[in-house]
Amino acid sequence: MQVTFWGVRGSYPVPGPDTVRYGGHTSCVEVRSDEGACLILDAGTGLRALGQRLAEEQGTSPSWQYHVILSHVHWDHIQGLPFFQPAYMPGTRIAIYALRAAADELHKVIGGITRHEFFPVPLEAVPADFEFHEVTPGKGFAIPPDFEIAPVALNHPFGAVGYRVRCDGTSLAYISDTAPFDRVLHKQHFLASPEEPSEEDRRVLDAMRADLVSALRGTDTVIFDTHFLPEEFEKFPHWGHSTPDHALDLMTGIGVRRLVLYHHAPSHSDKVMDSIEDTYRRKGNERGVQVVVARERMSLQIGQVTDPGVGP
Amino acid sequence: MKVRFWGVRGSFATPGPHFLRYGGNTPAVEIASDSGRRVLIDLGTGATELGKQLMTEEFAEGKGSLPILLTHTHLDHLQGLPFFTPFFIKGNQIQILGAAPSGTPLADVLQNQLNGHYSPLYGLENLAAGVRVDAVGPGSSLPVEGFEVQSAVLPHGGMAVLGFRITADGKSIAYLSDVEYPLGEPTAEALALARGADLLIHDAMFSDAEYESRAGWGHSAVSSAIAVAERAGVGQLALFHHSPDSTDAEIDSIVADARRRTSIPLFAAAETSPQEV
Numbered sequence: 298m299q300v301t302f303w304g305v306r307g308s309y310p311v312p313g314p315d316t317v318r319y320g321g322h323t324s325c326v327e328v329r330s331d332e333g334a335c336l337i338l339d340a341g342t343g344l345r346a347l348g349q350r351l352a353e354e355q356g357t358s359p360s361w362q363y364h365v366i367l368s369h370v371h372w373d374h375i376q377g378l379p380f381f382q383p384a385y386m387p388g389t390r391i392a393i394y395a396l397r398a399a400a401d402e403l404h405k406v407i408g409g410i411t412r413h414e415f416f417p418v419p420l421e422a423v424p425a426d427f428e429f430h431e432v433t434p435g436k437g438f439a440i441p442p443d444f445e446i447a448p449v450a451l452n453h454p455f456g457a458v459g460y461r462v463r464c465d466g467t468s469l470a471y472i473s474d475t476a477p478f479d480r481v482l483h484k485q486h487f488l489a490s491p492e493e494p495s496e497e498d499r500r501v502l503d504a505m506r507a508d509l510v511s512a513l514r515g516t517d518t519v520i521f522d523t524h525f526l527p528e529e530f531e532k533f534p535h536w537g538h539s540t541p542d543h544a545l546d547l548m549t550g551i552g553v554r555r556l557v558l559y560h561h562a563p564s565h566s567d568k569v570m571d572s573i574e575d576t577y578r579r580k581g582n583e584r585g586v587q588v589v590v591a592r593e594r595m596s597l598q599i600g601q602v603t604d605p606g607v608g609p
Numbered sequence: 003m004k005v006r007f008w009g010v011r012g013s014f015a016t017p018g019p020h021f022l023r024y025g026g027n028t029p030a031v032e033i034a035s036d037s038g039r040r041v042l043i044d045l046g047t048g049a050t051e052l053g054k055q056l057m058t059e060e061f062a063e064g065k066g067s068l069p070i071l072l073t074h075t076h077l078d079h080l081q082g083l084p085f086f087t088p089f090f091i092k093g094n095q096i097q098i099l100g101a102a103p104s105g106t107p108l109a110d111v112l113q114n115q116l117n118g119h120y121s122p123l124y125g126l127e128n129l130a131a132g133v134r135v136d137a138v139g140p141g142s143s144l145p146v147e148g149f150e151v152q153s154a155v156l157p158h159g160g161m162a163v164l165g166f167r168i169t170a171d172g173k174s175i176a177y178l179s180d181v182e183y184p185l186g187e188p189t190a191e192a193l194a195l196a197r198g199a200d201l202l203i204h205d206a207m208f209s210d211a212e213y214e215s216r217a218g219w220g221h222s223a224v225s226s227a228i229a230v231a232e233r234a235g236v237g238q239l240a241l242f243h244h245s246p247d248s249t250d251a252e253i254d255s256i257v258a259d260a261r262r263r264t265s266i267p268l269f270a271a272a273e274t275s276p277q278e279v
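These protein sequence lines map, in sequence, to chains A and B. Under this note's numbering, the first residue of the first sequence is numbered 298, with each subsequent residue one higher. Under this note's numbering, the first residue of the second sequence is numbered 3, with each subsequent residue one higher.
So, in structure tokens, the structure goes:
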């Protein structure tokens with residue numbers, strides 16, 4: 298299994314000279330099985346360039362099916378979708394998997410981003426055929442021929458889901474977006490400031506954390522929302538994002554080989570990212586976890602060296 | 003009067019090394035009068051950069067006031083809204099003026115952009131600043147302090163957008179973005195807005211060759227921008243709303259080609275320092 302990062306940024310795309318090396322596009326990761334089957338994790342602005350690449354690969358073949366798995370539908374995770382070139386090629390099928398976070402049906406929520414006020418081509422007029430699958434945390438599903446997916450609930454405004462992906466005898470986890478599990482329990486209302494969790498909230502948070510740890514146990518590579526530096530997190534603990542320290546704390550001692558820092562804050566220049574890489578490589582080494590900073594167009598082989606799932 | 007382009011890119015933001023000289027942010031243009039009044043046109047990702055600048059000024063203390071004109075609410079003209087920091091400071095007074103697209107009230111469109119599914123802001127009411135949203139009718143003179151602002155309706159594919167003419171200090175800027183004239187013939191409204199303007203900022207998303215396969219998409223070829231500039235007798239033309247596929251080198255060649263075709267001074271809008279008009 299291999300992953301390629303097409304968008305690594307959180308919140309909104311950041312063009313300009315300060316983001317050239319790490320990249321300015323928002324969340325989008327391509328997963329490929331050894332056989333070449335493709336899975337797309339999140340549909341931020343990185344999806345446009347991935348779509349151009351896939352359209353080339355697809356050529357004139359009409360029967361392609363794409364699988365797009367969404368962590369949640371905040372703009373930075375979906376705004377590439379209307380610009381996904383294969384969607385405009387008749388015969389293409391696109392399956393979208395997402396959490397149904399409220400009563401509204403998925404096709405209405407996702408179709409809502411291309412209402413005429415926002416985009417000239419409504420979902421119904423797009424040539425590709427779309428299907429929508431509701432994801433339930435804790436309830437695994439398969440995407441044939443190669444992928445087994447395990448969704449796990451995350452702590453983020455309105456709800457988000459992380460995914461463990463098993464394939465080719467190894468595994469990957471995509472954990473974006475999430476706050477840590479101690480300060481705030483995110484629900485479905487606006488937080489102007491941190492809201493002290495109730496006893497019941499704490500029980501919910503503890504259970505979420507335990508489920509996440511068990512999903513991550515033994516995973517080769519974990520891609521994690523590490524939007525904030527610690528001092529930034531202290532100012533905005535109610536924004537639904539973590540620091541690299543939160544990620545390391547969760548995955549120390551549970552057999553995770555590698556942590557990929559992801560969903561970089563839009564304010565983090567290449568220079569800041571360099572220093573984050575330095576600091577957390579060192580901290581990772583101390584914990585026995587290899588730390589890598591996600592960069593646009595970077596590819597990683599999953600389960601290369603020490604994954605216990607790889608064997609004869 | 004000064005103009006500053008904070009975002010010049012159409013449709014989709016373009017980070018990366020090939021878009022550094024002209025810039026990759028989606029539309030946001032600041033116009034400032036000599037007396038220090040400001041008006042912002044459109045809320046693309048470029049607005050996030052302006053927001054940072056404003057937060058080094060009175061907006062950080064909640065004492066800022068800013069009118070924002072929206073041509074329309076397609077995402078590339080709106081995606082900076084949830085990240086425009088002056089909205090989060092109590093006391094700032096921000097007025098958004100724009101058209102109501104096909105019957106949906108403008109405030110409802112913005113509210114929908116910020117609904118809980120799509121944004122952790124959950125709605126306009128959670129922006130700490132005082133935000134007023136006013137739908138404006140076409141052809142009207144808009145109430146923007148320190149400027150004279152005229153608007154007119156322009157055709158943009160299947161929808162209509164607003165164009166603006168902004169006057170202060172005896173100078174005028176016309177902003178005609180996201181426009182495609184049926185049969186390539188500039189409309190009377192467009193020509194009236196641009197008439198004699200010192201600077202015309204005009205949609206020039208496609209080279210004439212690219213346009214051939216993109217007719218009907220709601221955007222102009224460079225030759226349409228030139229036609230409006232010549233017929234309206236403007237002082238200067240800024241090619242605007244660059245295609246997300248046009249690299250710096252490609253925009254250079256679009257400009258060189260356009261200059262050979264007209265005597266009107268022209269340039270491609272770029273995210274640079276403020277320019278005197």
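In this text, a Cβ means the ideal position worked out from N, Cα and C, and glycines have one as well.
In chain order, what residues of the same chain lie with their CB nearer than 6 Å to the CB of residue i, ignoring the 5 residues before and after it?
| i | result |
| --- | --- |
| M595(A) | F302 |
| R578(A) | V588 |
| L108(B) | G100, A102, V135, A137 |
| E428(A) | A392 |
| V365(A) | I337, A340, I393 |
| M3(B) | S35, A170, D171, K173, V279 |
| V423(A) | A384 |
| F530(A) | T540 |
| L202(B) | A176, A196, A231, V236, L239 |
| P609(A) | With a pLDDT of only 43 at P609(A), under the threshold of 50, the placement of this residue in the model should not be trusted; the figure read from the coordinates follows. Cβ within range, chain order: n/a, list empty. |
| G304(A) | H322, T323, S324, C325, G341, T342, G343 |
In whole angstroms, give me the CA-to-CA distance for residue i and residue j.
| i | j | result |
| --- | --- | --- |
| H74(B) | G550(A) | 53 Å |
| R499(A) | E493(A) | 10 Å |
| L351(A) | A591(A) | 21 Å |
| F86(B) | V300(A) | 33 Å |
| F381(A) | R11(B) | 18 Å |
| A400(A) | I407(A) | 13 Å |
| E496(A) | V481(A) | 12 Å |
| R39(B) | E150(B) | 12 Å |
| G198(B) | V236(B) | 5 Å |
| T316(A) | H560(A) | 13 Å |
| G313(A) | G321(A) | 8 Å |
| T189(B) | F525(A) | 50 Å |
| R262(B) | F166(B) | 28 Å |
| I658(A) | D522(A) | For chain A, the structure presents residues 298 to 609; residue 658(A) sits outside this window and is missing. |
| T603(A) | S368(A) | Unreliable placement is indicated for T603(A), whose pLDDT of 49 sits below 50; no coordinate value is reported for it. |
| S255(B) | S13(B) | 21 Å |
| S275(B) | L403(A) | 44 Å |
| G66(B) | S490(A) | 23 Å |
| P527(A) | G105(B) | 46 Å |
| A49(B) | G552(A) | 44 Å |
| E273(B) | R555(A) | 39 Å |
| A457(A) | A512(A) | 15 Å |
In the DSSP assignment, find the beta strand (DSSP E) that holds residue i and state where it starts and stops.
| i | result |
| --- | --- |
| K54(B) | That residue, K54(B), is in no beta strand (DSSP E); its alpha helix (DSSP H) goes 48–56. |
| E212(B) | Not the beta strand (DSSP E): E212(B) falls in the alpha helix (DSSP H), residues 210–213. |
| I168(B) | 161–170 |
| V41(B) | 40–43 |
| S13(B) | Looking at the DSSP string, S13(B) is not in any beta strand (DSSP E), and its letter there is neither H nor E. |
| W303(A) | 299–304 |
| A258(B) | Per DSSP, A258(B) belongs to no beta strand (DSSP E); it is in the alpha helix (DSSP H), 250–263. |
Cβ atoms of residue j and residue i: under 7 Å apart, would you say?
| i | j | result |
| --- | --- | --- |
| E182(B) | G220(B) | yes |
| A470(A) | R461(A) | yes |
| P563(A) | A15(B) | no |
| R514(A) | F478(A) | no |
| H535(A) | L488(A) | yes |
| Q485(A) | F455(A) | yes |
| V569(A) | H119(B) | no |
At what residues does the alpha helix (DSSP H) containing residue i begin and finish?
| i | result |
| --- | --- |
| Y577(A) | 567–584 |
| H374(A) | 372–375 |
| H543(A) | 541–548 |
Who are the near neighbours of residue i in its chain, counting only those whose CB is closer than 7 Å to its CB and skipping five residues on each side?
| i | result |
| --- | --- |
| L52(B) | W8, A30, E32, L42 |
| I440(A) | L336, H364, I446 |
| E191(B) | A154, V155, L156 |
| L116(B) | P84, L123, Y124, G125, L126 |
| V607(A) | Since pLDDT at V607(A) reaches only 49, below the 50 mark, its modelled position is unreliable, and the value read off the structure follows with that caveat. Cβ neighbours of V607(A) beyond the five flanking positions: G466, T467, G600. |
Checklist line | Contiguous beta strand (DSSP E) assignments of at least 3 residues, all confined to the stretch 407–495 of chain A | finding: 426–432, 438–440, 444–451, 457–464, 467–472
Next item on the list: Within the stretch 344–374 of chain A, note down every full beta strand (DSSP E) run reaching 3 residues or more, in order along the chain.
Entry: 362–366
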